[in-house]
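Numbering (my numbering) for the sequence shown: 1 to 498.
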Amino acid sequence: MVGEPIAQVHYEQTVNKTGWATLSLSTNPDHSDEEQAFAAGFIEGFTTGELMQEYWTGYKQYTFDDSQNKQLNAFLDGNFRFMKRKIAESKNSTDTSEKLYWHHVALVLEQVEGLFAGYLKAMAEKDTLPQLSLIDMFKFQLDGDIEDLSNKWSPPSFHTMTQFELESFAIFKTKCSAFVKLSHDRSNVFLTHATWDTFQNMLRIFKHYRINFKNVPAKLVSFSSSPGWLVSVDDFYITDAGLVITETSNNIFNLTLYNKVVPETLFYWIRNIVANRLATSGKEWTQLFAKYNSGTYNNQWIVLDINKFVPYAKTSHPDLLYILEQIPGDCKIASVSHILDSSYWASYNIPYFPYIYNISGYPAQFQKYGDFWSYEHCPRANIFRRDLPAVTDIEGVKSLIRQNKYQTDPFSGGDACHAVAARCDLNPPNMRAQAFGAIDAKVTDVHMAKLNRAVAQSGPTHDTQPVFEWTANWDKTNIHTDQPVRFAFDWVNMAPQL
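As structure tokens, then:
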């Protein structure tokens, strides 16, 4: 109707109270897709601009290597030219699927421009000089992609690393633990994820985007995130098309694969947004995501289709659970519903597909250094094999995804990094002590997911370990502007407010 806003927002800055800010936004379907995309970005940028500015301060300090900025800018320039060309070509295409795909790529770019405009407006009203340019706003979205770009331009010297150095590289450069589990009576299915990251990234926000684009299956997408990001990066999503999507990242030791990382592709974050909006099944999501693979942020993706879940069924629908594993130049996709049926699905930074495992360069590490590099016998594989069979309800799921008993767990070997919820900060200085580990946990089940709901806990685990606090010792090497000082937060219910 005339006079109604194009977008509206419900925002709560409760970081110091719960560990999370929350944002729900909704757009007016009477407006064009382009207007809705820009307005969604604008209202978020305006509402969360101050939080974005504070987050950018720390993010830029440890994410972007000044020596690589010239290469990054050139890569982005080529990438923008590729996207603009494909968007223009698609408008005259007779291939309706390609036309729709690139229409939504264009909407992602429009949303970023809106985010930047809203941010500028917020900073102008606060009489604060903006520290971000439009190109910075696009770089802001690259948190997942940047590691592989960095490895392409400054290749790690894996052959000169000691065993300790190589394991440390793997821990600090890959992220996350996740699992999917049926309840014992098969009446429910749970999916949970713990983000592993530097503690500098613990300024957290849970978002619900209800963007009423024309002819899209998923108008509402809910996800854990950080200020200024249009994606999760953790990653953890619930769509109102009935999909729950998460991932854990894998390493690339075969550096020749990076020759396939070129500008004429789409970054992970754009492919993710488009797949989330357009997919109606796990199989379709993986197929959409695999298109125009950039070879950056090489993850194992897990897609649970709650539409395919039948309570109490003796066997699951074959399309209930799909995974995708990506490397530069290729993706492998398969249903793993049969594995979930017989046990569980767990994900812990080691590739599942032998082809991906082998071509990524894991066998050489395994032959040289043993089970740390084994899909079947790395520390978390052993922990999940021992403990997941006993998990049957949401309290058990919450307990396991926050588990760290490194002092007594034989599979941890006395290393606080070797747990479902890493706490590398608890290690002694000579044993890779860093402000790094599991910075949150999210859990949903079939009942919550139908309502785009989840429960989430912010900060390093404190179930059986000390509560993490920012102290003078950590302040010397970590920027944590606007974060709480102490992370003793409980679980929080997350639900869309618009």
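All residues carry an ideal CB built from backbone N, CA and C; glycine is no exception.
Straight-line Cα distance separating residue j from residue i
i    : j    : result
E264 : S294 : 8 Å
G437 : V216 : 37 Å
K314 : A74  : 54 Å
W470 : V420 : 22 Å
N188 : W285 : 22 Å
K235 : S224 : Residue identity differs from the one stated: residue 235 is Asp in this sequence, not Lys. C-alpha separation (whole angstroms): 7 Å.
H338 : P318 : 7 Å
E395 : M202 : 24 Å
C417 : S32  : 48 Å
D475 : L120 : 30 Å
L72  : N151 : 12 Å
T408 : D445 : 30 Å
Q497 : S222 : 11 Å
Nearest-angstrom beta carbon gap, residue j and residue i [assumed within contact, 8 Å]
i    : j    : result
E325 : Y292 : Not a contact, Cβ separation roughly 17 Å.
N250 : T174 : 7 Å
W20  : V492 : 6 Å
E48  : P227 : Residue identity differs from the one stated: residue 48 is Thr in this sequence, not Glu. Indeed they touch by this definition, with Cβ atoms about 5 Å apart.
I270 : V105 : 6 Å
L23  : K207 : 5 Å
N92  : D240 : That pair is no contact at about 32 Å.
K450 : I356 : Wrong, their Cβ atoms sit about 32 Å apart, outside the cutoff.
Y312 : D185 : 7 Å
Helix, strand or coil at residue i [DSSP, three-state]
i    : result
E469 : strand
H317 : coil
T464 : coil
D506 : In the structure displayed, the chain extends from 1 to 498; residue 506 sits before or after that span and is not available.
S183 : coil
T174 : coil
S342 : helix
M202 : coil
T444 : strand
G282 : helix
L324 : strand
M494 : strand
N293 : strand
L451 : coil
D136 : helix
L25  : strand
G437 : strand
Contact check, residue i vs residue j, beta carbons under 8 Å
i    : j    : result
Y344 : F253 : no
V231 : L321 : no
I333 : A275 : no
W373 : F366 : yes
A7   : E110 : no
D145 : T296 : yes
N404 : R423 : yes
N478 : Q200 : yes
L115 : G58  : no
G45  : A124 : no
A574 : A178 : In the structure as shown, the chain begins at 1 and stops at 498. Residue 574 is therefore absent and cannot be evaluated.
V303 : I211 : no
Selected residue, minimal CA-CA separation from residue i, among the options
i    : options                : result
D341 : S316, P155, Q53        : S316
I439 : F372, I205, P130       : I205
S97  : V112, L278, F213       : L278
K219 : N493, N478, L25        : L25
H447 : W301, S458, L243, T481 : L243
L255 : L203, I479, S187, N358 : N358
C331 : P466, L257, G118       : L257
Y369 : H159, F80, P5          : H159
L426 : T464, P410, K450       : T464
T248 : Q131, D77, Q300, A170  : Q300
Y55  : P496, D445, P130       : P130
Q457 : L134, A488, T481       : A488
R386 : P354, S412, I238       : S412
A454 : A390, Y209, F468, L191 : L191
K17  : P496, P484, Q497, M494 : P484
Y375 : D148, L388, N382, I350 : I350
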